[in-house]
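One structure is given here, and the rest of the page talks about it.
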Amino acid sequence: MVGLGNDNNVIIYLIFAIVVIILNYIYINVLKKRFSKQNKTINPSLKKEIESYIVANLNIVSLDLICSEFNLGHTKLYQIMETEKPGNLIRLKRMQAVRAMRKKGLSETLISKKTGFSVSYLKKV
């Protein structure tokens with residue numbers, strides 16, 4: 003009789019362990035699905051908003067300022083911008099503005115104030 007009770011306990015422990023493993027597996031898969039959906043639900047217009055923000059604040063814009071304005075972390079910002087790095091985009095927009103202002107004949111000091119580049123840097127480019 004003593005041996006029979008031990009066998010029942012072993013069976014109950016095995017069933018309990020199997021149920022716990024199954025529940026953990028289900029829980030982990032549900033979390034993975036939720037997490038992957040959150041990462042994929044990036045507002046496509048947000049990239050355009052960020053680009054517009056860069057152009058509107060060209061003289062003061064920085065990665066930290068963008069992250070603060072849009073309540074994003076650096077990693078999320080890079081995900082939104084996809085293949086284009088935000089720092090490169092800022093520099094590109096500034097260079098485009100420099101070229102346009104130079105064509106208009108504006109002074110280097112004014113261009114510097116409007117683009118955020120220093121006058122000494124503008125003389126090099």
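If you're matching positions, the sequence shown starts at 3 in this note's numbering and goes up one per residue. The beta carbon of each residue, even a glycine, is placed where N, CA and C say it ideally should be.
DSSP, read as helix, strand or coil, puts Ile56 in helix. In this structure Lys116 does not touch Met97 by the C-beta definition: roughly 13 Å separates them, more than the 8 Å allowed. With fewer than 16 other Cβ atoms inside 10 Å of its own Cβ, Pro46 counts as exposed. With respect to Gly118, Asn61 sits close: the two C-beta atoms are nearer than 8 Å. In this chain, the alpha helix (DSSP H) harbouring Asn90 covers Pro88 to Lys105.
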